[in-house]
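Report on the following structure.
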Amino acid sequence: MDLKNKKIGIWGFGVVGKSVTKYLINKLLNTPEFEQKSYINSKTSQIQILDKRELTEQEKTYLKHNKITFVNQGDSQAFENFLENNDLIVTSAGIDLRNYKKYSHKFISELDIFFKEFSSGPIVGITGTVGKTTITHMLDQIIKHQNINIWTGGNIGAGVLDVLENNLAPDLVLLELSSFQLELCQTFAPDLAIWTNFFPNHLDKHSNLQEYFMAKMQILAHQTTDQFALLPISLIDQLQPFIQTQITQKESPTAISTSNTNTSITNTSITNTSTTNPIQIKSKLYFFSENKPTKELIDKLRPQDALLYLDHNDQNTVIKLSQKQDASNNQQNYNTETIGSIEQIDKLAEFTFRENLLIIFGSLYIFSKIVNKTLALSDACSAKATDGMHKYTKNNITTSLAKLADPNAINFAEIDPLACQVEHRLEKVASINSIEFYNDSKATTISSTIAAVQKLASKNKPIILILGGLSKGVDRSPMISEIKKYVKLVISFGKEAEIIKNMCEQANLPCQSIEILDKLILEKSSPEQLVLGKLLLEQAVKASFLAAQLNDQILLSPSGSSYDLFKDYQERGRIFKQIVLGLTDKTTLKK
Numbered sequence: 001m002d003l004k005n006k007k008i009g010i011w012g013f014g015v016v017g018k019s020v021t022k023y024l025i026n027k028l029l030n031t032p033e034f035e036q037k038s039y040i041n042s043k044t045s046q047i048q049i050l051d052k053r054e055l056t057e058q059e060k061t062y063l064k065h066n067k068i069t070f071v072n073q074g075d076s077q078a079f080e081n082f083l084e085n086n087d088l089i090v091t092s093a094g095i096d097l098r099n100y101k102k103y104s105h106k107f108i109s110e111l112d113i114f115f116k117e118f119s120s121g122p123i124v125g126i127t128g129t130v131g132k133t134t135i136t137h138m139l140d141q142i143i144k145h146q147n148i149n150i151w152t153g154g155n156i157g158a159g160v161l162d163v164l165e166n167n168l169a170p171d172l173v174l175l176e177l178s179s180f181q182l183e184l185c186q187t188f189a190p191d192l193a194i195w196t197n198f199f200p201n202h203l204d205k206h207s208n209l210q211e212y213f214m215a216k217m218q219i220l221a222h223q224t225t226d227q228f229a230l231l232p233i234s235l236i237d238q239l240q241p242f243i244q245t246q247i248t249q250k251e252s253p254t255a256i257s258t259s260n261t262n263t264s265i266t267n268t269s270i271t272n273t274s275t276t277n278p279i280q281i282k283s284k285l286y287f288f289s290e291n292k293p294t295k296e297l298i299d300k301l302r303p304q305d306a307l308l309y310l311d312h313n314d315q316n317t318v319i320k321l322s323q324k325q326d327a328s329n330n331q332q333n334y335n336t337e338t339i340g341s342i343e344q345i346d347k348l349a350e351f352t353f354r355e356n357l358l359i360i361f362g363s364l365y366i367f368s369k370i371v372n373k374t375l376a377l378s379d380a381c382s383a384k385a386t387d388g389m390h391k392y393t394k395n396n397i398t399t400s401l402a403k404l405a406d407p408n409a410i411n412f413a414e415i416d417p418l419a420c421q422v423e424h425r426l427e428k429v430a431s432i433n434s435i436e437f438y439n440d441s442k443a444t445t446i447s448s449t450i451a452a453v454q455k456l457a458s459k460n461k462p463i464i465l466i467l468g469g470l471s472k473g474v475d476r477s478p479m480i481s482e483i484k485k486y487v488k489l490v491i492s493f494g495k496e497a498e499i500i501k502n503m504c505e506q507a508n509l510p511c512q513s514i515e516i517l518d519k520l521i522l523e524k525s526s527p528e529q530l531v532l533g534k535l536l537l538e539q540a541v542k543a544s545f546l547a548a549q550l551n552d553q554i555l556l557s558p559s560g561s562s563y564d565l566f567k568d569y570q571e572r573g574r575i576f577k578q579i580v581l582g583l584t585d586k587t588t589l590k591k
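With our numbering, letter number 52 in the sequence shown gets 52, and the count goes up by one each step, no holes.
The structure is reproduced here in structure tokens:
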């Protein structure tokens, strides 16, 4: 990826667009030194911004000051010129590129720019349909507690190029990554890739499940044999055609599994692309399973791979690692060892799932391998005292990062569980008249809502579920069938409220739909839309409260995106909390 003498377009002026713009401006202004070591020529490169919204006065002043032109996407001719005239285009996550395949050779990923420039420490990338924010946030808090200089961003928080633009030099970079960020990657290769799970999602912007899967695959596609990945065991068959040095199974199912310990949704088929797609997974693979694996499952591993799982007994639950050894006399040998106890981190389970705790401990265990290996190489290089040998690898492990060399040495008991709570994810808001309210606005997928319902169902208290938002092309009826054994009433609201109600009626699940007063308002983004959103959500909350009885649980877990009524799921969650905290008791609602 050579950016010299190029016209560079930035499509979208949000978090990603601003991060890329600031980075390029900083480098373009720092001309002599930068031109010698990098791939941008400040004298001939140009930057242009494209967005569908009107910029604020502050944004306009910023671009004008830096001699950057702005194109409004609403101007069709200017939009076409933007696509035609720019040599390379950095696109923001979430932009639907399917109608612009003519220009696909121009689209580049911010992750590839970051990967080329960043060299101060290891990179951990986290993706998955569900749970990536929780895993990212909890790992961030645990590692920060060890007084390690960590930088966290990506799909949450700051744009990835901010770490370069601000001249930061963290010991470790932790990135949450969506399928939209990954799909354009050509070089990005995290030292540890974590893939939490895979379920149907974003089918409004990915043409099919196959396309969505292949976008996620990019987190593994460019890794080397010295790098690591942590993956759910449910994906082992689907990954098989792409794994270098094929694993034992020769038959390759073409179905992507959409079930794990938290869900039970019907499988969805995809097309096997192993003969047409050049991806070869070279990294060391660690799979995880909440349950003890069968021999047949372990047989599918390569000798260099391993499986982490929970082994339950009367005293406690331990974390075990099983690895296939080289066969002798046609007999397959296995090495299984206990590497930790779930009780070490079980106090965090109040806010998340045990499988997430296994992923967290497994991540730290794998990272200890990276740290110890790099420290050993560093010592060997230092002993030789050869010029430049300290640069033997892209990752230079510092003394502070060596604290992660043993995950069992981390005192999880000292970590405040509240610090690991992710806002808008199974967040307990209040208890009013012995009725508990939970904010799970971040649940924008059916798998997230199923997981939340099952988590609260373990408390053995009835659940009233508030559903809404946009389905993103995913059929919600399997979710309705799955949750009806746990939920006594559904309250639906928003643009798809009637669709949800019809699905509930077909499944014999009681549902009350909040009437939309003016459907036309839902077709545009405006102040009136937010007013309507607040009104409908308030009606949904009050309806659920009136229907609730002693010890019931009221859960906002919409299973859809927020864009029919709100700016994002955070705004939806904040308004929900404001409404709940404004309640007193039922008598005020009946007046």
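Every residue gets a Cβ at the ideal spot worked out from N, C-alpha and C, and that includes glycine.
Just so we're clear, the structure is a prediction, and the values are computed from it rather than from any experiment.
* Is the distance from the Cβ of LEU310 to the Cβ of GLU290 below 7 angstroms? -> Taking the sequence shown and counting its residues from 1, the one referred to as residue 310 is at position 310. Taking the sequence shown and counting its residues from 1, the one referred to as residue 290 is at position 290. The answer is yes: Cβ separation under 7 angstroms.
* Which same chain residues, not among the five before or five after ILE219, have their C-beta less than 6 angstroms away from its C-beta? -> Against the sequence shown, residue 219 aligns to sequence position 219. Once the five neighbours on either side are set aside, the close Cβ partners of ILE219 are GLY125, THR127, LEU182, ALA193.
* Asked: What span of residues does the alpha helix (DSSP H) with GLN323 cover, start to end?
  -> In the sequence shown, the residue the question calls residue 323 occupies position 323. Counting along the chain, GLN323 falls outside any alpha helix (DSSP H), though it belongs to the beta strand (DSSP E) covering 317-324.
* Nearest neighbour of LYS324, chosen from GLN210, ILE514, THR445, LEU285 [CA to CA] -> Taking the sequence shown and counting its residues from 1, one reaches residue 324 at position 324. Nearest option by C-alpha distance: LEU285.
* **Backbone secondary structure at SER492 - three-state DSSP** => As a first step, residue 492 is located in the sequence shown; it is residue number 492 there, counting from the start. In this structure, SER492 counts as strand in the three-state DSSP scheme.
* **Proximity of SER341 and ASN313 at Cβ, strictly below 7 angstroms** => Counting from 1 along the sequence shown, the entry for residue 341 is found at position 341. Counting from 1 along the sequence shown, the entry for residue 313 is found at position 313. No. Outside cutoff.
* Asked: What is the DSSP secondary structure of LYS442, counted as helix, strand or coil?
  -> The sequence position of residue 442 within the sequence shown is 442, counting from 1. Of the three classes helix, strand and coil, the one that applies to LYS442 here is coil, per DSSP.
* Asked: Between the beta-carbon of LEU88 and the beta-carbon of ILE113, is there less than 7 angstroms?
  -> Counted from its first residue, the sequence shown places residue 88 at position 88. Counted from its first residue, the sequence shown places residue 113 at position 113. Not a contact, by the Cβ cut-off of 7 angstroms.
* What is the rounded straight-line gap between the Cα of SER448 and the Cα of GLU296? -> Your numbering for residue 448 matches position 448 in the sequence shown. Your numbering for residue 296 matches position 296 in the sequence shown. Rounded to the nearest angstrom, the two C-alpha atoms are 29 angstroms apart.
* To do: Pair every Cβ in the stretch 196-207 with every Cβ in the stretch 158-167, then say whether three or more of these pairs are closer than 8 angstroms.
  => no
* Asked: Per DSSP, which one or two residues make a beta bridge with LYS284?
  -> Residue 284 sits at position 284 when you count from the first residue of the sequence shown. BP columns for LYS284 point to PHE228.
* Asked: Apart from the five residues just before and just after LYS292, which ones in its own chain have a Cβ nearer than 7 angstroms to its Cβ?
  -> Position 292 of the sequence shown, counted from the start, is the residue given in the question as residue 292. If we look at LYS292 and ignore the five residues flanking it on each side, its Cβ neighbours are TYR309, ASP311.
* **Of the listed residues GLN227, THR338, LEU184, ALA451, nearest to ASP191 (C-alpha basis)** => Translated into positions along the sequence shown, residue 191 becomes position 191. Comparing Cα positions, the closest option is GLN227.
* Asked: When the Cα of GLY533 is compared with those of SER559, LYS495, LEU550, which residue comes out closest?
  -> Translated into the one-based positions of the sequence shown, residue 533 becomes position 533. Closest by alpha carbon: LYS495.
* In the DSSP assignment, what residue or residues form a beta bridge with THR127? -> Taking the sequence shown and counting its residues from 1, the one referred to as residue 127 is at position 127. Answer by DSSP bridge pairing, in chain order: TRP195.
* Pull up the distance between the alpha-carbon of PRO232 and that of SER561, whole angstroms please. => Residue 232 sits at position 232 when you count from the first residue of the sequence shown. Residue 561 sits at position 561 when you count from the first residue of the sequence shown. Straight-line Cα distance between these residues: approximately 25 angstroms.
* **Check whether ASP552 and PRO462 have beta carbons under 7 angstroms apart** => Within the sequence shown, the letter at position 552 stands for residue 552. Within the sequence shown, the letter at position 462 stands for residue 462. Result yes, Cβ atoms of ASP552 and PRO462 sit closer than 7 angstroms.
* Asked: For ALA405, which residues from the same chain have a beta carbon less than 8 angstroms from its beta carbon, with the 5 sequence-adjacent residues on both sides left out?
  -> Reading the sequence shown from its first residue, position 405 is the one you call residue 405. Closer than 8 angstroms at Cβ, skipping near neighbours: SER368, VAL371, ASN372, LEU375.
* To do: Please go through the same chain and pick out, in chain order, the residues whose beta-carbon is closer than 8 angstroms to the beta-carbon of GLY74, but skip the five residues on each side of it.
  => Taking the sequence shown and counting its residues from 1, the one referred to as residue 74 is at position 74. Cβ neighbours of GLY74 beyond the five flanking positions: LYS52.
* Asked: Taking the alpha carbon of TYR103 as the point to measure from, which residue in LYS64, SER119, ASN85 has its own alpha carbon closest?
  -> Within the sequence shown, numbered from 1, the residue matching residue 103 stands at position 103. That would be ASN85, whose Cα lies nearest to the Cα of TYR103.
* To do: Examine the Cβ distances between the stretch 408-420 and the stretch 130-145 and report whether three or more of them are shorter than 8 angstroms.
  => yes
* Asked: How many angstroms separate the CA atom of PRO510 from the CA atom of LEU565?
  -> Against the sequence shown, residue 510 aligns to sequence position 510. Against the sequence shown, residue 565 aligns to sequence position 565. Between PRO510 and LEU565, the C-alpha separation is close to 24 angstroms.
* Asked: By Cβ distance below 6 angstroms, which residues in the same chain neighbour PHE79 in space, the five residues on each side in sequence not counted?
  -> For the purposes of this step, residue 79 is taken as the residue at position 79 of the sequence shown. GLN73, listed in sequence order.
* **Span separating the alpha-carbon of LEU401 from that of THR225** => Residue mapping note: residue 401 aligns to position 401 of the sequence shown, counting from 1. Residue mapping note: residue 225 aligns to position 225 of the sequence shown, counting from 1. Cα to Cα, the separation comes out at about 22 angstroms.
* To do: Just mark LYS485 as buried or exposed, buried being the case when its beta carbon has 16 or more other beta carbons within 10 Å.
  => Reading the sequence shown from its first residue, position 485 is the one you call residue 485. Label assigned to LYS485: exposed.
* To do: With DSSP collapsed to three states, give me the class of SER559.
  => Counted from its first residue, the sequence shown places residue 559 at position 559. Coil at SER559, not helix or strand.
* To do: With DSSP collapsed to three states, give me the class of LYS591.
  => On the sequence shown, position 591 is the one that residue 591 refers to. Because the pLDDT of LYS591 is 43, which lies under 50, any placement of that residue in the model is unreliable, and the number read from its coordinates should be weighed accordingly. If DSSP states are grouped into helix, strand and coil, LYS591 belongs with coil.
* When PRO278, PHE213, ILE450, TYR212 are compared against ILE243, the one with the closest alpha-carbon -> Counting from one through the sequence shown, the residue named residue 243 turns up at place 243. It is PRO278.
* Asked: Hey, quick one: how far does the beta strand (DSSP E) through LYS132 stretch, first residue to last?
  -> Position 132 of the sequence shown, counted from the start, is the residue given in the question as residue 132. Where LYS132 is concerned, there is no enclosing beta strand (DSSP E), although the alpha helix (DSSP H) it sits in stretches over 132-144.
* Going by other Cβ atoms of all chains shown within 10 Å of its Cβ, with 16 needed for buried, is THR263 buried or exposed? -> Along the sequence shown, read from residue 1 onward, the residue named residue 263 stands at position 263. Its pLDDT being 36, under 50, THR263 is placed unreliably by the model, and nothing is read from it.
* Asked: Who are GLU427's beta bridge partners in DSSP?
  -> For the purposes of this step, residue 427 is taken as residue 427 along the sequence shown, with counting starting at 1. Answer by DSSP bridge pairing, in chain order: ASN439.
* Option nearest VAL541 by Cα separation, candidates SER559, VAL531, ILE514 -> Along the sequence shown, read from residue 1 onward, the residue named residue 541 stands at position 541. Closest by alpha carbon: ILE514.
* Cut-off 7 angstroms between Cβ atoms - residues of its own chain near LYS403, not counting five sequence neighbours on either side -> Start at 1 with the first residue of the sequence shown, and residue 403 comes out as number 403. The answer, listed in chain order, is GLN146, ILE148.
* Which first and last residues belong to the alpha helix (DSSP H) in which GLN512 is found? -> Numbered from its first residue, the sequence shown carries residue 512 at position 512. Where GLN512 is concerned, there is no enclosing alpha helix (DSSP H), although the beta strand (DSSP E) it sits in stretches over 511-513.
* Proximity winner among ALA306, ILE298, THR352, relative to ILE366 (alpha-carbon distances) -> The residue labelled residue 366 in the question sits at position 366 within the sequence shown. Minimum Cα distance to ILE366 is reached at ALA306.
* With C-beta atoms as the reference, is GLY362 less than 7 angstroms away from PHE287? -> Looking up residue 362 in the sequence shown gives position 362. Looking up residue 287 in the sequence shown gives position 287. For GLY362 and PHE287, no; Cβs fall outside 7 angstroms.
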